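First residue of the sequence shown? That's 1034 in the numbering used here, and the numbers climb one at a time after it.
All C-beta atoms in this analysis are idealised placements derived from N, C-alpha and C, irrespective of residue type, glycine included.
All values derive from a computational prediction rather than experimental measurement.
What follows is a set of notes on a single structure, which appears directly below.
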Amino acid sequence: MFSWEYNVSTVQLDNYISDDVIDAIKSKITGFPTEVRMLVVVMSFIPNNADLSTMKTLLKGEGVSETKMEKLLSAAINNGIILHRSETDRYAFAHDKIREASYDIIPRGKLR
1034 MFSWEYNVST VQLDNYISDD VIDAIKSKIT GFPTEVRMLV VVMSFIPNNA
1084 DLSTMKTLLK GEGVSETKME KLLSAAINNG IILHRSETDR YAFAHDKIRE
1134 ASYDIIPRGK LR
């Protein structure tokens, strides 16, 4: 007969590690130049992935040109934060925890 066995302290440790991972990612993102950080935070509001046109529209009010957008995306890709899916020509976070950390950078009550 099959039965589950678990160790409560290990399960609790997993939650603690998860928070540490988010904090580490937030620390990395906040170390980015302002415009790269802005791109990553804005992208965190998009549920799954986005194309270049969507990203340009979202950052248009910030005065980000197409050339600048490509440089910002390249910086985020080179830092392992965002992936470019060439088959669909869309951009997505490399991991859900990165998206979560990017969203958490915004102070509670601001723009959420």
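My output table needs one value for residue 1115: the three-state DSSP class, helix, strand or coil.
Under the three-state reduction of DSSP, residue 1115 is assigned to strand.
So, for residue 1105: in the same chain, excluding its five sequence neighbours on each side, which residues have a beta-carbon less than 6 Å away from its beta-carbon?
Excluding sequence neighbours, residue 1105 sits near 1068, 1069 and 1072.
Secondary structure at residue 1122, three-state DSSP: helix, strand or coil?
coil
Is it a yes or a no for the segment 1057-1067 touching the segment 1080-1100, going by three-plus beta-carbon pairs under 8 Å?
no
For residue 1083, which beta-bridge partners are listed by DSSP?
1124
Report the rounded CA-to-CA distance for residue 1125 versus residue 1132, giving the unit in angstroms.
Each residue's Cα considered, the two are about 9 Å apart.
Helix, strand or coil, according to DSSP, for residue 1074 in the structure here?
For residue 1074, the secondary structure class from DSSP, reduced to helix, strand or coil, is helix.
Going by beta carbon distance, what residues of the same chain come within less than 7 Å of residue 1119, once the five residues before and after it are set aside?
Excluding residues within five positions, none has a Cβ falling inside 7 Å.
Measure from the alpha carbon of residue 1081 to the alpha carbon of each residue in 1140, 1123, 1107 and 1053, then state which is nearest.
1123
Give the straight-line distance between the Cα atoms of residue 1112 and residue 1127, rounded to the nearest whole angstrom.
10 Å
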